[in-house]
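Following: one structure in structure tokens, then a few remarks.
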Amino acid sequence: MDLQEILKQLGETFLDWKAIGEVIPKMFAVGLPNTIVLAVTSGVIGTVLGMVLALMGISRNPVARWIARIYTDVLRGLPPVLTILVIGLGFGPIIRQLSGSTSPYPLAVAALSLMSAAYIGEIFRSGIQSVDKGQLEATRALGFGYGPAMRLVVVPQGVRRVLPALVNQFIALIKESSLVFLLGLLASEREIFQIGKDAASTSGNLSPYVAAAIFYLALTIPLTHFVNWIDRRLRTGRPEKKEPDEAAAVVGKGAQA
Amino acid sequence: MSEFASGTLTAKNIHLSFGSNHVLRGIDLHVEKGTTASVIGPSGSGKSTLLRVMNRLIEPEQGDILLDGRSVLKDNPDELRRRIGMVFQQFNLFPHKTVVENVSLALRKLRGMSKEQAREDALAQLDLVGLKHKADARPANLSGGQQQRVAIARALAMKPEVMFFDEATSALDPELVKGVLALMTDLAKGGMTMVVVTHEMGFSRNVSDTVTFMDAGVVVETGSPEQLFTEPRTDRLKGFLSDVL
């Protein structure tokens, strides 16, 4: 088999433009919205739960600390595939009995949320703990209780510092949302990966996966650059001019002496 | 005649330990209304801890704290701290808020003022420390001296009856110390009750009404500045003064 033949075969396998063209409308109509809905809802729920876990993790109550610790260790320590399968298949029948709904979609969101909460909790905790202790002390010295002091002063500063890590976690979530295909979603619930997978298995050609890859990259690459931008912005701050003021006065004094 | 609604602060027989480390061993301190008490002593003598116990950032293990003759240990500690302003060595301004927001935060959230009213009050307070023109700057864009003046304005905005200064000038560049000390002197002259933990012997000697020398968790000597600085009675104070003067 000569080189030209190999290239031709690879081209047909991955870059069958007809196959890609056929799958793209469905990706836009079904796959993309579903991926976004899965990632955004579980991102929001995961962020809220993560904040609760972070606050429990730094609480003075040892029971709260232990619960947060165990939750985080377990959910972070399991492969995402396993968590999604166990939650999706394990709780599926219960939800079906309770609500009559056969859609595994809510369970997919639940599994993704619970997983990301463990990571986001650790991100928030490290951010909050990195805030100088003097901030809490100064706020409490003004007469604020522990809760309001954390809410108004400490947590906002901690969160700001870990925004880049948080966005990275959202990127991971977009990618992990592909694993929900394991739960056998209804046709209208399928996300980017499964649309690609379905098309690939019917056509026997891998090009639909390439289409899926392009869709994922279109979501994740801008976010990556957004992270870099926040990171830079946080490091250098908003460009603001420092007025000479007292610094200049010192120079002046020196010059007079 | 005082510009401030100052109070009299008394600490009686305060004890505190961190584990096996007995940091405060029966401290007595009395600060008469409208006067300034400075607390001097070597590092680690418990001066800063004493301040934190007196506004109950740390609860004492033993002893009593009285404001205007009434024990405050049974009060809600958050409410006590609204009556005692505190200024820190590291300023501890809120970096994510503007200068005027630093001052107005407690007015809005604790005094329940409207946003406009709180801003107006905060601006007036900033004007008193000469920094109204920096109202919308971020603390990071201010010099250390300016930051500390904002921190003083933040504490004063709550109309405290007593002000605590915890080595308020120790983190400042030498040329910026003067402005902050001048402001503290104005407050003292204006009749604020102040407890000043300091390494500035000049301030302690010239501005304060009483001086208390602490070492290893006990009050070694207390009295007027003249007594302590010109006629120290103990070897420990003599040694300390010869080290710092």
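If you read the protein sequences in the order shown, they are chains A and B.
Position one of the first sequence corresponds to residue -3 (my numbering), numbered consecutively onward.
Position one of the second sequence corresponds to residue 2 (my numbering), numbered consecutively onward.
The beta carbon of each residue, even a glycine, is placed where N, CA and C say it ideally should be.
Query                                                                                                                              : Result
Cβ neighbours of residue 47 of chain B in the same chain (closer than 7 Å, five flanking residues each side left out)              : 24, 25, 215, 218
Exposed unless 16 or more other CB atoms sit within 10 angstroms - verdict on residue 146 of chain A                               : buried
With 16 other Cβ atoms within 10 Å as the buried cut-off, status of residue 235 of chain B                                         : exposed
C-beta contact flag for residue 133 of chain A and residue 58 of chain B at 8 Å                                                    : yes
Minimum Cβ-Cβ distance from residue 166 of chain A to chain B less than 8 Å                                                        : no
Neighbourhood of residue 250 of chain A by C-beta, 7 Å cutoff - its chain only, sequence neighbours within 5 removed               : Note that residue 250 of chain A has pLDDT 40, beneath the 50 cutoff, so the model's placement of it is unreliable and the number below is only indicative. There are no such residues.
Rounded separation between residue 19 of chain B and residue 32 of chain A - CA only                                               : 52 Å
For residue 26 of chain B, the first and last residue of its enclosing beta strand (DSSP E)                                        : 22 to 32
Where residue 162 of chain B sits in the DSSP three-state scheme                                                                   : coil
Cβ-Cβ distance between residue 167 of chain B and residue 130 of chain B below 8 Å                                                 : no
Proximal residues of chain A, C-beta to C-beta of residue 82 of chain B below 9 Å                                                  : 136, 137, 138, 139, 140
Reduced DSSP secondary structure (H/G/I, E/B, other) of residue 71 of chain B                                                      : strand
Close Cβ partners of residue 56 of chain B (< 7 Å) along its chain, the five nearest in sequence each way excluded                 : 81, 82, 85, 87, 165
Segment contact, 8 Å Cβ cut-off, at least three pairs: the region 102 to 122 of chain B with the region 160 to 174 of chain A      : no
Environment of residue 180 of chain A [buried if 16+ CB atoms lie within 10 Å]                                                     : exposed
Interface flag, residue 149 of chain A vs chain D, CB-CB below 8 Å                                                                 : Looking at the structure shown, chain D is missing, and the protein chains on hand are A and B.
Within the region 74 to 157 of chain B, ranges of the alpha helix (DSSP H) (whole runs, at least 4 residues)                       : 78 to 83, 100 to 110, 116 to 129, 145 to 157
Rounded C-alpha distance that separates residue 128 of chain B from residue 128 of chain A                                         : 28 Å
Proximal residues to residue 48 of chain A (C-beta, below 7 Å), its chain only, five neighbours per side dropped                   : none
Backbone secondary structure at residue 55 of chain A - three-state DSSP                                                           : coil
Local conformation of residue -1 of chain A per DSSP, three classes                                                                : helix
Residue span of the alpha helix (DSSP H) that contains residue 79 of chain A, given as start and end                               : 76 to 95
Strand pairing of residue 16 of chain B, partner residues [DSSP]                                                                   : B/26, B/63
Residue 76 of chain A and residue 111 of chain A closer than 8 Å at C-beta                                                         : yes
7 Å Cβ cut-off: residues of chain A touching residue 56 of chain B                                                                 : 137
Close-in-space but distant-in-sequence residues of the same chain around residue 150 of chain A (CB under 7 Å, 5 per side omitted) : 124, 127, 131, 132
Helix, strand or coil at residue 107 of chain A according to DSSP, with G and I counted as helix                                   : helix
Whole-angstrom C-beta distance between residue 35 of chain B and residue 72 of chain B, which should lie under 8 Å                 : About 21 Å; that fails the 8 Å criterion.
CA-to-CA distance, residue 95 of chain B to residue 175 of chain B, given in whole angstroms                                       : 24 Å
For residue 118 of chain B and residue 244 of chain B, the rounded distance between their alpha carbons                            : 49 Å
DSSP state of residue 15 of chain A mapped onto helix, strand, coil                                                                : helix
Short CB-CB distance (under 8 Å) between residue 125 of chain A and chain B                                                        : no
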